[in-house]
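To keep things clear, I will list the structure first and then write my remarks on it.
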Amino acid sequence: MKRAITLAGGGPAAGLHIGVLERLREAGIKFDSRDDVWALSCIGAWVGLVYNQCDPGKEVEQTYKFFRDGIFRDDASYSRFPVNTVFGTDNVTNMKAMMGFCMDPENKNLWLPDQIMKAAQDTIKFMSDRSFWNEGDFNRFVLNSVLAPNPFVRYWISLMYLSSISGLSRIYYPESSFMRAIKFNRLYDKEKPFIFHNAWNITKQKLALFSNQPSFKPKSKKPKPHLQEPYQGITSASLCACSALPYIEQTVEIDGDIYCEGALVDTVNFERLLEDHPDLDEVWISRIVDAKQVHPPRNLAEALGNLCMLFAATVGEDDVKLFRYHVKYDKDVKWHGKIIEIRVPNDVNFEWTHSNLDRGRKAGYLAASQALEKYNSDK
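Take any residue in the sequence shown, note its place counting from 1, add 1339, and you have its number in the working numbering.
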């Protein structure tokens, strides 16, 4: 039996992947054969790569420990500091960007006399016309007639948004103890399954794939031209690139090209998966995020989580539907294997807390149990 496991993106829902792998492993479905395949993206790539470099027989607990101790924050701390332990600001780059911005002779348009004069006229009009005295018009007046023309405010806003910083946080520090805790060399052992993840090459505007077998050749007799892009080797840079969600994380440079997350372009590369491995018997899908997990936000932290996960959920759901459609109806797809999709639980939120990690692990375990029950009944 040759199987593939696909672990999609979903950030703080990583515990679901761990629970799924734990339950499937208990059932003897381990995905650890040389013939097996791991198709990964975003947090799914982090779980998949960490899992495959763990000590044999200790994969689940060591993966769980890596995320609990290395990424997720204890609930008490998170309650008043809602950031995980790796989304740190890039202080050195911030300082360099600030200095560069301050010393840039081309830093123009801070003082706009005509805009200041217009703001004064708008202020007089606003103060004299009571019809504008409502919350919406007042906030717009402050934005456009008080803040926007003020040269000092303009300076600080442009310093914040227009200096050379590509994300709120940075993960890629290859020499950090956090990154060195992942033994990437273990992924290249000859007995390991085929593992690959994606990332979006912004420079060349195309999806890139990274594998522990970069010299791999497609097994299709007539591979499609647009699916013949060679694999690159998995590294700490590629792993960080695959989760570099724009604005949230800084982009990553690899060999002169700039990369960001690929999951919002293609969930786990289903087409390439079947093109390169047409002899697969089964494809197990662990998607982890769903639009039903998105609830009315109570604060900015929850709103930011909704922004990221709503896109991930809907893109992932659509990709799975398209995958099933092509397998069933596309005459060019010559694959007759079995698809097993693990239900996406709703009792998980988008907090990087220990309790959410544990809750996700239990929910993923239960979801995998339900999938196994149906899987066994269908045999």
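From the three backbone atoms N, C-alpha and C, an ideal C-beta is built for every residue, glycine too. Bear in mind the structure is a predicted one, so any value in this text is a computation, not a measurement.
query, result
"Can you say whether residue 1431 is buried or exposed, counting buried as having 16 or more other CB atoms within 10 angstroms of its CB?", "exposed"
"Here's the rule I'm using: 16 or more other beta-carbon atoms within 10 Å means buried, otherwise exposed. How should residue 1719 be labelled?", "Missing from the structure shown is residue 1719; the chain here goes from 1340 to 1718 and no further."
"Using 8 Å for Cβ pairs, my map puts residue 1510 next to residue 1633. What's the rounded Cβ distance?", "So it is not a contact: roughly 24 Å between Cβ atoms."
"For the candidate residues 1587, 1459, 1577 and 1684, whose alpha-carbon lies nearest to that of residue 1625?", "1684"
"Leaving out five residues before and five after residue 1674 in sequence, what residues of the same chain have Cβ atoms less than 8 Å from its Cβ?", "1613, 1617, 1619 and 1666"
"So is residue 1352 buried or exposed if we call it buried at 16+ other beta carbons inside 10 Å?", "buried"
"Have a look at residue 1356 and residue 1386 and give me their C-alpha separation to the nearest angstrom.", "7 Å"
"So, with DSSP's three-state summary, where would you put residue 1387?", "helix"
"List the whole-angstrom C-beta distance separating residue 1721 from residue 1603, where the pair is believed to meet the contact cut-off of C-beta under 8 Å.", "Residue 1721 cannot be examined here, being either before or after the span of the chain that is shown, 1340 to 1718."
"Am I right that residue 1589 and residue 1583 are in contact with their C-beta atoms under 8 Å? What's the rounded C-beta distance?", "7 Å"
"What three-state label does DSSP hand residue 1611 in the structure shown?", "helix"
"Identify which residue in 1399, 1504 and 1457 has its Cα closest to the Cα of residue 1434.", "1504"
"Are there three or more Cβ pairs, one per stretch, closer than 8 Å when the stretch 1558-1567 is compared with the stretch 1532-1543?", "no"
"Suppose contacts are defined by Cβ-Cβ distances below 7 Å. Is residue 1654 in contact with residue 1345 by that definition?", "no"
"Given a threshold of 16 other Cβ atoms within 10 Å of its Cβ, counted over all protein chains shown, does residue 1474 qualify as buried or as exposed?", "exposed"
"So who's on the other strand from residue 1538, going by DSSP bridges?", "1547"
"Alpha carbon to alpha carbon, how far is residue 1341 from residue 1374?", "6 Å"
"Look at the alpha carbon of residue 1506 and the alpha carbon of residue 1586, and state the distance between them as a whole number of angstroms.", "4 Å"
"Between the stretch 1361-1368 and the stretch 1519-1536, do at least 3 Cβ pairs fall closer than 8 Å?", "no"
"Going by CA-CA distance only, name the one from 1508, 1391 and 1347 that's closest to residue 1428.", "1508"
"Does the Cβ-Cβ distance between residue 1704 and residue 1362 come in under 7 Å?", "yes"
"Can you tell which of 1697, 1701, 1536 and 1576 has the C-alpha that lies nearest to the C-alpha of residue 1343?", "1536"
"When you compare the stretch 1451-1463 with the stretch 1483-1491, are there three or more beta-carbon pairs, one atom per stretch, that lie closer than 8 Å?", "yes"
"Bridge partners of residue 1621, per DSSP?", "1342 and 1677"
"Report the three-state DSSP secondary structure of residue 1424 (helix, strand or coil).", "coil"
"Would you call the CB atoms of residue 1681 and residue 1651 closer than 7 Å?", "no"
"Helix, strand or coil for residue 1377? Go by DSSP, reduced to three states.", "strand"
"According to the Cβ coordinates, are residue 1526 and residue 1391 closer than 7 Å?", "yes"
"Residues in the same chain with beta-carbon distance under 8 Å from residue 1555, minus the five sequence neighbours each way, listed in chain order, please.", "1533, 1570 and 1615"
"Helix, strand or coil for residue 1588? Go by DSSP, reduced to three states.", "strand"
"Once the 5 residues before and after residue 1645 are set aside, which same chain residues still bring their CB inside 6 Å of it?", "1633 and 1636"
"How many Å lie between residue 1642 and residue 1497 at the Cα?", "24 Å"
"Are residue 1702 and residue 1717 touching if we call contact CB-CB under 7 Å?", "no"
"For residue 1596, which beta-bridge partners are listed by DSSP?", "1593"
"Just the Cα atoms here: how many angstroms apart are residue 1574 and residue 1523?", "7 Å"
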